[in-house]
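Undergrad:
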RNA sequence: GCGGGCGUGGUGAAAUUGGUAGACACGCUAGAUUUAGGUUCUAGUGCCGUAAGGUGUGGGGGUUCGAGUCCCUCCGCCCGCACCA
């Protein structure tokens with residue numbers, strides 16, 4: 084008898100229409116239930132969704148559907164991170180407009196997302212390029228500005244002289260612009276900044292509260308903020324130059340101060356500039372340092388170099404002791420004071436420097452077990468904590484006490500001839516530069532007036548709308564070239580002035596979108612009442628690549644918006660729980676040309692044969708052999724892409740969703756395989772076949788529960804309720820792969836009993852079917868609806884509550900305990916649960932294997948772990 | 001260099017507080033059914049061994065009645081930051 088196959092793609096479309104028509108996923112405004120806000124990082128509308136999106140949104144959807152069934156009022160919205168460079172590049176390349184290109188992409192991707200069957204509230208959809216969104220962002224900017232959280236300052240940027248734009252560090256590749264290939268210049272530009280540093284401490288402390296965030300993300304953020312405690316010490320100069328009489332030096336290791344043998348300053352430190360003014364060789368050296376690249380590779384290659392400026396610094400604790408001052412290429416002007424004292428024995432860099440310029444190396448910290456008299460430094464500096472030596476009054480102290488002793492000594496010294504000391508805290512975190520010389524972004528609502536300076540646009544004049552009539556026929560910012568857009572009157576004095584033509588970094592757009600979803604049509608950025616009810620996001624899901632920037636900026640925005648009254652001030656943390664999902668990876672295929680270039684082939688162009696080392700790949704068309712490359716993230720450049728559309732039209736969305744979650748834990752990368760998707764597809768058919776062909780054999784819908792059950796029925800009922808219990812637990816813990824394993828196990832249990840006969844078995848099978856359908860509901864919602872209807876229900880499964888577990892059924896009344904002899908498992912024993920310890924021992928000693936092992940001796944110890952293990956120690 | 005993580009069968013992976021290692025799936029083997037074949041169902045499957053038994057979570061050591069789990073050490077891989085004073 085051939086079974087009817089379940090036609091997933093066809094039926095899925097049907098159920099999607101049913102859901103849409105009944106509008107069940109629109110979040111209601113009744114606040115009579117506990118809320119649950121599930122959010123996946125919203126997509127950039129590149130044009131097509133990829134498998135990473137499918138994985139991301141499948142995870143969120145499972146939670147949303149599960150929480151809905153659990154009785155929560157669920158908010159599960161979707162929107163578009165729609166500003167950004169690709170739209171401008173498309174405009175240049177395809178002679179279109181960024182807005183047209185973006186909105187077309189959004190339409191296409193929305194269709195694709197709908198085909199995945201996501202339980203989304205589309206009524207809250209917005210794109211960050213909607214005027215109705217970015218006008219509120221401009222309002223936020225104005226509020227930040229008036230509160231001093233947005234300000235202008237001059238700073239160094241990567242400038243592409245060909246494309247006429249600022250480049251982010253990531254866009255500079257080996258010193259050249261990623262698009263133009265031009266050598267990137269360091270330029271001093273006046274830019275807008277957001278004062279994230281005001282919240283540095285709070286952002287750091289807040290991390291401790293984020294218990295449901297991955298540890299690695301919290302650590303990355305903590306390192307990024309980079310708080311350090313140290314001393315600011317004043318070093319007097321032996322010679323005054325252009326009014327400079329002293330150097331302020333920041334150190335986290337004042338305990339090593341007697342090991343100092345030089346002072347080093349950054350090339351653009353005021354003292355460097357002053358000294359260079361009268362020393363052309365020094366000026367050349369400083370220029371050379373400035374020219375050097377800033378990329379990581381460059382920094383590694385660069386040799387540590389210094390230039391003795393001739394002026395000496397007086398040691399703060401001994402003014403007779405004068406140390407040389409070097410301008411050095413490895414000192415950062417942006418960190419600390421741009422000046423350090425070098426202690427060669429305690430810092431590898433300083434040691435290398437000292438060896439190169441023949442400076443003294445005085446060991447001042449020794450390991451605890453070393454002999455202080457004979458401890459010397461060779462090629463490696465000693466950077467650990469230890470005992471202070473060769474340091475006068477510090478000798479014998481440990482690192483921490485020496486820190487305090489130096490601070491105290493310096494504080495006690497007479498101000499006149501002393502080195503004033505301050506205990507200071509430094510952060511690595513810098514303020515966030517948000518100016519971009521780009522068109523497709525949120526305009527900064529500022530007018531520059533010759534007389535009044537930077538004047539905020541009055542709120543009543545918002546929004547500042549991007550002009551539509553711009554050209555992309557040449558490089559640079561089209562807003563700058565626009566004949567009239569920037570020409571306005573100063574809101575303050577009325578004189579002719581010029582609009583700010585920089586737009587905001589797109590990271591600003593995504594820093595507050597999660598608040599807007601709580602009230603997407605409100606006439607202020609956020610409705611406080613809605614925000615209070617919905618925020619924080621209960622579960623946020625997205626890629627690890629946003630571990631620092633997006634997630635830190637968002638945490639900053641929720642705080643800053645609290646300060647400006649745009650959000651209730653008690654909502655500090657935007658995301659209560661965070662899941663960072665892994666990538667979808669696939670091997671790639673290529674042929675090498677004669678000049679070692681690689682030509683890549685798509686997976687669908689290739690067929691593989693054999694296994695392991697003998698596995699080879701051939702082109703489907705020609706049969707030519709191609710090489711099998713690494714398993715890497717799916718990307719256009721390597722063509723190792725599987726198009727979700729192809730999978731969904733062939734196997735269905737349920738199949739893609741199931742496979743995405745089935746084999747690996749969510750945070751790990753998954754390898755896309757044809758075998759995997761086929762396996763998922765078979766499982767779908769298996770469930771359908773099981774229910775479709777057996778449904779008429781079991782009890783009819785709503786049959787009352789029988790009083791007695793035979794052993795098969797009872798076994799099945801136990802398996803059913805255990806499955807519900809375990810699937811629920813694993814979904815709650817975001818271990819979808821384990822939940823899926825439990826469902827497999829459950830289906831195996833049902834399968835073994837569908838053709839049996841026994842007391843109450845037909846009822847138990849029907850119960851199992853119903854529970855199974857409810858368990859797969861969140862993961863394979865279409866198939867679940869189909870089965871639910873097949874079981875005779877007129878209702879929608881998506882609206883059913885989550886099944887309740889019969890607690891009595893999930894505890895077995897017999898248990899298997901392991902019998903160990905000297906900790907090694909030898910046998911097992913089936914026994915009634917909660918049998919007394921003495922009774923268990925008695926039974927164990929009756930066992931052959933035990934008496935054989937004992938050989939008449941008395942065991943030295945018997946350990947009984949109730950319901951688990953008996954360990955006999957001989 | 002600094003910080004963090006990971007290492008379990010042929011493969012993806014499971015494993016409350018330390019308590020029967022390898023659930024579940026892929027693959028493989030055998031049988032049944034159907035078919036032209038795929039499919040489906042049942043059973044088996046860490047490794048060595050015909051078996052009894054031994055052995056086994058990257059290597060070595062330790063704590064413990066008992067270690068994948070805790071401690072020390074070495075090796076390998078991955079991620080983040082990186083001249084941060």
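Numbering (my numbering), first residue to last: 84 to 957.
Just so you know, even glycine gets a beta-carbon here, dropped at the ideal spot from N, CA and C.
Predicted model only: the values in this text are computed from it and were never measured.
(1) Just tell me which of 158, 128 and 298 has its CA closest to the CA of residue 116.
(2) Quick check on residue 678: buried or exposed, where buried means 16 or more other Cβ atoms within 10 Å of its Cβ?
(3) Should residue 469 go down as buried or exposed, given a rule of 16 or more other Cβ atoms within 10 Å for buried?
(4) Pick out whichever of 691, 587 and 654 has its Cα sitting closest to the Cα of residue 609.
(5) According to DSSP, residue 683 sits in a beta bridge with which residue or residues?
(6) Does residue 618 come out as helix, strand or coil in the three-state DSSP assignment?
(7) Compute the Euclidean distance between the alpha carbons of residue 794 and residue 846, then round it to the nearest angstrom.
(8) Please go through the same chain and pick out, in chain order, the residues whose beta-carbon is closer than 7 Å to the beta-carbon of residue 550, but skip the five residues on each side of it.
(9) As a quick exercise: from 409, 428 and 162, pick the residue whose alpha carbon is nearest that of residue 391.
(10) Where does residue 743 fall in DSSP's three states?
(11) Using a 10 Å radius around the Cβ and a threshold of 16 neighbouring Cβ atoms, would you call residue 395 buried or exposed?
(12) If we count the other Cβ atoms within 10 Å of its Cβ and call it buried at 16 or more, is residue 751 buried or exposed?
(13) Taking the beta strand (DSSP E) that residue 312 falls in, what are its first and last residues?
(14) What residues are listed by DSSP as bridge partners for residue 156?
(15) Less than 8 Å separating the beta-carbons of residue 138 and residue 195?
(16) Let me know if residue 954 comes out buried or exposed under the rule of 16 or more other beta-carbons within 10 Å of its beta-carbon.
(17) With a CB to CB cut of under 6 Å and the five nearest residues on each side skipped, what residues in its chain are close to residue 335?
(18) If you measure between the beta carbons of residue 406 and residue 345, is that distance less than 8 Å?
(19) What do you get for residue 946, buried or exposed, if any count of 16 or more other CB atoms within 10 angstroms of its CB means buried?
(20) Give the secondary structure of residue 407 by DSSP, where H, G and I count as helix, E and B as strand, and everything else as coil.
(21) In the DSSP output, which residue or residues are listed as bridge partners for residue 692?
(22) Quick one: measure Cβ to Cβ for residue 436 and residue 389, integer angstroms, because I've assumed they're closer than 8 Å.
(23) Name the DSSP beta bridge partners of residue 518, please?
(24) So the alpha helix (DSSP H) residue 638 belongs to, where does it begin and stop?
(25) Considering residue 398, what are the terminal residues of the beta strand (DSSP E) in which it resides?
(26) By the DSSP assignment, the beta strand (DSSP E) with residue 909 in it spans what residues?
(27) Can you find at least 3 beta carbon pairs, one from the stretch 86-100 and one from the stretch 569-584, that sit closer than 8 Å?
(28) Answer yes if the stretch 855-864 comes into contact with the stretch 731-748, meaning at least three C-beta pairs across the two stretches below 8 Å, and no otherwise.
(29) Alpha carbons only, please: which of 279, 761, 520 and 270 is nearest the one belonging to residue 587?
(30) At the level of alpha carbons, what is the spacing between residue 873 and residue 892?
(31) Could you check if residue 714 is buried or exposed, using at least 16 other CB atoms within 10 Å of its CB as the buried criterion?
(32) Rounded C-beta distance between residue 272 and residue 249? I'm assuming under 8 Å.
(33) Whose C-beta lies closer than 6 Å to the C-beta of residue 325 among residues of the same chain, with five residues either side of it excluded?
(34) Quick one, which of 119, 440, 111 and 108 has its alpha-carbon nearest residue 623's?
(35) With residue 222 and residue 276 assumed to form a contact (beta carbons below 8 Å), what rounded beta-carbon distance in angstroms separates them?
(36) So, at 8 Å on beta carbons, what are the nonlocal neighbours of residue 283 in its own chain, with the 5 sequence-adjacent residues on each side left out?
TA: According to the structure data:
(1) Considering only alpha carbons, the answer is 158.
(2) By the neighbour-count criterion, in which 16 or more other beta carbons inside 10 Å mark a residue as buried, residue 678 falls on the exposed side.
(3) Taking a 10 Å sphere around the C-beta of residue 469, we find 16 or more other C-beta atoms and assign the residue as buried.
(4) Out of 691, 587 and 654, 654 has the C-alpha closest to the C-alpha of residue 609.
(5) According to DSSP, residue pairing for residue 683 in a beta bridge involves 673.
(6) Correct three-state label for residue 618: coil.
(7) Taking the straight line from one Cα to the other gives about 13 Å.
(8) Taken in chain order, the residues that qualify are 565 and 568.
(9) Selection 409, 428 and 162 evaluated against residue 391 yields 409 as nearest (Cα-Cα).
(10) Three-state result, residue 743: helix.
(11) Under this definition residue 395 is a buried residue.
(12) By the beta-carbon neighbour count (other beta carbons within 10 angstroms, threshold 16), residue 751 is exposed.
(13) Here the beta strand (DSSP E) through residue 312 covers 310-324.
(14) Within the DSSP secondary-structure output, residue 156 pairs in a beta bridge with 118.
(15) Contact flag unset, no.
(16) Result: buried.
(17) Contacts found: 311 and 313.
(18) Yes, the pair counts as a contact, with Cβ atoms nearer than the cut-off.
(19) Result: exposed.
(20) DSSP places residue 407 in strand when its eight states are reduced to three.
(21) Residue pairing from DSSP places residue 692 in a beta bridge opposite 699.
(22) 6 Å between Cβ atoms; contact.
(23) Note: residue 518 sits in a beta bridge opposite 587.
(24) Here the alpha helix (DSSP H) through residue 638 covers 632-646.
(25) Segment 389-398, the beta strand (DSSP E) holding residue 398.
(26) Here the beta strand (DSSP E) through residue 909 covers 907-915.
(27) Touching, no.
(28) Yes: at least three Cβ pairs fall under 8 Å.
(29) Looking from the CA of residue 587, the closest CA among 279, 761, 520 and 270 belongs to 520.
(30) Each residue's alpha carbon lies about 27 Å from the other.
(31) Answer is exposed; the Cβ neighbour count stays below 16.
(32) At roughly 7 Å, the Cβ-Cβ gap stays under 8 Å, so residue 272 and residue 249 are in contact.
(33) Hits under 6 Å: 357.
(34) When only C-alpha atoms are compared, the closest one is 119.
(35) Contact doesn't hold; Cβ gap of about 19 Å is too wide.
(36) So the list reads 308, 310, 510 and 512, once near-sequence residues are dropped.
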